[in-house]
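Numbering (this note's numbering), first residue to last: 1131 to 1436. Cβ coordinates follow ideal geometry from the N, Cα and C atoms, glycine included. These figures come from a predicted structure and were not determined experimentally.
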C-alpha cells in the first residue's frame, strides 16, 4: 500500500482572489504530510505535520489565523485520532499553543485522557515548552473590526452573530486524514472556532466522532457549523458507512446528505479516506477547498474551490 494524505481548508464561502493562495496552502500541507510518510512516518505523523502547516499559514481559521471570540480574544480547539489503536485526544478553548494540534498529540501520547480544556490545557502546553501563540495577527484584527462594523448591536448575541459569521464565511476549520504504507489510518483537526462566539464555546473539532474520527477501515474530518456537526456525529457517521462496505466517495456523500436533511444547506463539509486509499470530499456549502496526494506520485490534486 502506498501512503495517502488528504487535507481540507474549511467549508463556506471562497472569494476568487483567494484561490491561488488557498491552493498554495493546501499544496504545502499535502507536501508536509507526504514528506512525513516518505520518511517512514505513521499516519499520525502525517496528519499532524499537514495540520501544523495549515495552522501556520495564517490565512485559515486555525493556529495563527484563528478568529477572535466576542471579547476579541482567541481560543482554539483541536483533535487527533489514531485508527489503529482507536485512541483519540483533543484540547478545547486553549489560548497558549501556536499549534493546538501538537498539544492534542501530547494528550494522546502522554496521558490517558481524551479531552483537556482551558487554562489547565494551556498550562500543560507551557510545561511542555510548546511554541506560544503570538496573538491575533493584523489581518485577523482587521477581519474582527470588519465583522464588528457590519454587526448591529443586537447581532452580538450568539445566535445572530453565528448567522453573521456564516454569511461572511468565517466558519472554516482545517484538517487532515492519512493512510500510511502499513494501512494505518489517522485524522486530525484544528480550528479557531466561530468568529464572535461566546467565550468558552467548544465546537466539533474537540469532539471525537463529530469533528474527527478514524478506525482501521476509514478516517474522516468535518468542517462547518460545529453545533450541527456535533448533533449529527458527522465524522463517525461517514466512517460507519465505510464499515458497512461503502467506498469513501459514497460514504462522504451519504453522510452529507443525511446532515443536510436534518440541518439544511451551508452547514458542513467532510473529507473521507478509506483503507484502500480512496479519498473524497463532500460538502453542502458554496466551497470546501480540499486536496490529496500519494507517496511517490508527485501529483497534488486540489478541488472544491467552487
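By the criterion of a C-beta distance shorter than 8 Å, residue 1243 is surrounded in its chain by 1219 and 1237, once the five residues flanking it on both sides are discounted. Here the C-alpha atom of residue 1158 lies approximately 12 Å from the C-alpha atom of residue 1136.
For residue 1382, the closest of 1303, 1375, 1396 and 1402 by C-alpha to C-alpha distance is 1402. Only buried fits residue 1204, as 16 or more other CB atoms lie within 10 angstroms of its CB. In the structure shown, residue 1390 adopts helical secondary structure according to DSSP, grouped into three states. Annotation for residue 1179: 1162, 1163 and 1166 place their beta carbon closer than 6 Å to its own, counting only its chain and skipping 5 residues before and after. Exclusion of the five residues before and after residue 1413 leaves 1141 and 1399 as the residues of its chain whose Cβ lies within less than 6 Å of its Cβ.
Apart from sequence neighbours up to five positions away, the residues of its chain that approach residue 1358 with a beta-carbon distance below 6 Å are 1393 and 1397, ordered along the chain. Distance from the CA atom of residue 1364 to the CA atom of residue 1316, rounded to whole angstroms, is 16 Å.
Unbroken alpha helix (DSSP H) stretches of 4 residues or longer found wholly inside the stretch 1188 to 1260: 1230 to 1240 and 1248 to 1257, given in chain order. With contacts defined by Cβ atoms closer than 9 Å, residue 1330 and residue 1360 do not form a contacting pair.
Within the stretch 1407 to 1436, the runs of beta strand (DSSP E) that reach at least 3 residues and sit entirely inside it are, in chain order, 1409 to 1413, 1420 to 1424 and 1430 to 1433. In the DSSP assignment, residue 1343 forms a beta bridge with 1350. Boundaries of the alpha helix (DSSP H) harbouring residue 1372: 1364 to 1373, taken from the DSSP string. In the DSSP assignment, residue 1157 falls within the alpha helix (DSSP H) that extends over 1149 to 1168.
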